[in-house]
Amino acid sequence: MKKLFALIIFLLFLEKNLYSAEAGMPQLDPEYWPSQVFWLIIIFLTIYILISKIFIPKIKGSIDLREDKIRKDLEDAKTFKEQAELKLNEYNSLMETAKIDVKKIISKSRQKLNEDMQIKKDEAQKKIDAEILNAETEIKKFKKDSFNKIKSISEDITSNLVKDIFGEDLNKSSVEASVQQTIKEYQKGK
Amino acid sequence: MATNPMEQFEVHKIGPEIEISGINLSFTNSSLFMVISAVLILILLLFGTREKKLIPGKIQLISEMLYNFISKMISDTAGKKAKPFFPFIFSLFVFILFCNMVGMLPYSFTVTSHIIVTLTFALFIFIGVTILGFVMHGFKYLKIFVPSGVPIVLLPIISIIEIISYLSRPISLSVRLFANMMAGHTMLKVFGGFVISLGLIGGWLPLSFSVALTGLEILVAFLQAYVFAILTCIYLNDALNLHH
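So the sequences go chain by chain: A and B.
Just so you know, our numbering puts the end of the first sequence at 190, numbered straight through with nothing missing.
Just so you know, our numbering puts the end of the second sequence at 1244, numbered straight through with nothing missing.
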């Protein structure tokens, strides 16, 4: 900074003839003061009148226009939003009732289905039970029959065997008794 | 060849000499540059308000920003009551700003670098504000010289100081603008002269100073217009809302 000042002072010395000319301020020369004041008043008055009467109302108008537009748009947006919310509420309530209805329908149909299934099941059960009963009686009968058949076959075989081996007929009752005896022993031994 | 740095402030008449009742009212270069500034302002505002677009163009944006800037300045310093004076403050600020800025162009003349111009403004504002104060508050306006909450012993001294400061308002207001503009332009001229006299070898340093000073002067040109306008607002505030 000091160097800078020194340089400036040095330069000022170089420029001595700068001030050798008539020094002084032209501003303090009153020759043209009235002229300057006169023209200043005229020109400033002109632009003041033009600005206050024409330009400021115009600028204010355009700014107001914009602000009005923005305000109106905001209000519109607000009303639209409210409407949208109303619609949304309506939609939500509709959905709510629809859901309840759907639940009702589902539960009703399920109940009906269950009842139907129960009836069909019962019918099927009855049929199955009857079939089982039939089969069991048949099996019992078959068992009994087979036992008697085996018994008569054994008696035949026994009497035939005795006839072949000993050559004589045994009376039927004794064969029956001995077969009965053998079956009993067999069943016991088992 | 170096020229006198004060030469740029000389006023000389252009065209015929106009004399009304012995007073020289000739059209001068000062008047010419006042007209140029005024025409520039009117052109800017004309183009700025030519169409009311919802989304403003560049020039419309400038004029609207100017409007909002000054509107905010007034409402911040002088309150709502100062609204009728908005066109005056607007014109004042714009006119001083344009005179300062036009003065920044090389070979132009700075209207506001003349004490008589700034003093005319300042005296008009001073007298206007004083009259306004008396109209608004009547004799109570003199209370401005008697601050509240001051010990009675100090009151005479304080009042004298207040009166002096009030009376020196036009001088401080006018000299601030005039001296700033004159000093800046003189300095620019002096550095410009150095560039010539030091030539191709040494002239670069003052040239760079000149460039930097030009930037500074543009800032000062805006700042002084702003200061002039805001001080006017503050004086208006004193007259409109008597706070003391």
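A virtual CB, placed ideally from N, CA and C, is assigned to each residue, including glycine.
Nothing here was measured: the structure is a model prediction, and the numbers come from that model.
| Query | Result |
| --- | --- |
| May I ask you to report which of helix, strand or coil DSSP gives Asn171/A? | coil |
| With DSSP run on the structure shown, which of helix, strand or coil describes Lys1052/B? | coil |
| I'd like to confirm the pairing. Which residues does DSSP put opposite Ile149/A in its beta bridges? | As written in the sequence, residue 149/A is Lys, which differs from the Ile given in the question. None, per the DSSP bridge assignment. |
| What did DSSP end up calling Ile1152/B once you bin it into helix, strand or coil? | coil |
| Note down, in chain order, every chain B residue with its Cβ under 9 Å from the Cβ of Glu31/A. | Val1011 and Asn1024 |
| Is it buried or exposed, Glu75/A, if we count other Cβ atoms within 10 angstroms and call 16 or more buried? | exposed |
| Does the beta-carbon distance from Leu1173/B to Phe1228/B come in below 8 Å? | yes |
| Per DSSP, which residues does Glu1019/B bridge with? Please list them. | Asn1024/B |
| Measuring alpha carbon to alpha carbon, tell me which of Tyr32/A, Phe38/A and Pro26/A ends up nearest Phe1121/B. | Phe38/A |
| Can you find a CB in chain B that lies within less than 8 Å of the CB of Lys58/A? | yes |
| Is it the case that the Cβ atoms of Leu50/A and Lys1052/B are separated by a distance below 8 Å? | no |
| Indicate whether at least one CB of chain B lies closer than 8 Å to the CB of Met95/A. | no |
| Using only the alpha-carbon positions, how far apart do Asp1238/B and Glu1017/B sit? | 43 Å |
| Could one say the Cβ of His1114/B lies closer than 8 Å to chain A's Cβ atoms, at least one of them? | yes |
| Just grab the DSSP bridge partners of Lys1013/B for me. | Thr1028/B |
| For Gln1060/B, which option in Asn1068/B, Leu1045/B, Ile1070/B and Ser1071/B has the closest C-alpha, if you only look at C-alpha atoms? | Leu1045/B |
| State buried or exposed for Leu1142/B, treating a residue as buried only when at least 16 other CB atoms are found within 10 Å of its CB. | exposed |
| If you pair each beta-carbon of the segment 1076 to 1088 of chain B with each one of the segment 1148 to 1159 of chain B, do three or more pairs fall below 8 Å? | no |
| From Gly1103/B to Leu1213/B, what distance separates their C-alpha atoms? | 14 Å |
| When Cβ atoms are compared, which residues of the segment 1119 to 1135 of chain B fall closer than 7 Å to chain A? | Thr1120 |
| Distance check for Phe1126/B and Asn1167/B, CA to CA, integer angstroms please. | The displayed chain sequence assigns Leu, not Asn, to residue 1167/B. One C-alpha to the other measures close to 9 Å. |
| Quick one: list the residues of chain B neighbouring Val37/A, beta-carbon separation under 7 Å, in chain order. | Ile1116 and Thr1120 |
| Using a Cβ cut-off of 8 Å, which residues of the segment 85 to 110 of chain A contact any Cβ in chain B, in chain order? | none |
| Residues in the same chain with beta-carbon distance under 6 Å from Leu1188/B, minus the five sequence neighbours each way, listed in chain order, please. | Leu1213 |
| Which value, in whole angstroms, describes the spacing of the CA atoms of Pro1025/B and Ile1055/B? | In the sequence under discussion, the amino acid at residue 1025/B is Leu, which differs from the Pro named in the question. Leu1025/B and Ile1055/B: Cα-Cα distance of roughly 46 Å. |
| Find the nearest neighbour of Ala1179/B within the set Phe1098/B, Asn1004/B and Thr1110/B, judged by alpha-carbon distance. | Thr1110/B |
| Would a check of beta-carbon distances place Leu50/A closer than 8 Å to chain B? | yes |
| Quick check on Leu1054/B - is its C-beta less than 8 Å from some C-beta in chain A? | yes |
| What would DSSP say about Leu1242/B, mapped onto helix, strand or coil? | coil |
| Identify whether Pro1087/B lies in helix, strand or coil by the three-state DSSP scheme. | helix |
| What number of angstroms, rounded off, separates the C-alpha of Asn148/A from the C-alpha of Lys112/A? | 54 Å |
| Distance cutoff 8 Å, beta carbons only. Does Lys78/A sit that close to anything in chain B? | no |
| What whole-angstrom Cβ distance do Val1011/B and Tyr32/A have, given they're in contact under 8 Å? | 4 Å |
| When you compare each of Phe1047/B, Ser1021/B, Leu1042/B and Cys1099/B to Thr46/A by their alpha carbons, which one comes out closest? | Leu1042/B |
| Name the chain B residues that come within less than 7 Å of Met40/A, Cβ to Cβ? | As written in the sequence, residue 40/A is Leu, which differs from the Met given in the question. Under the 7 Å cutoff, chain B gives Met1034, Val1117 and Thr1120. |
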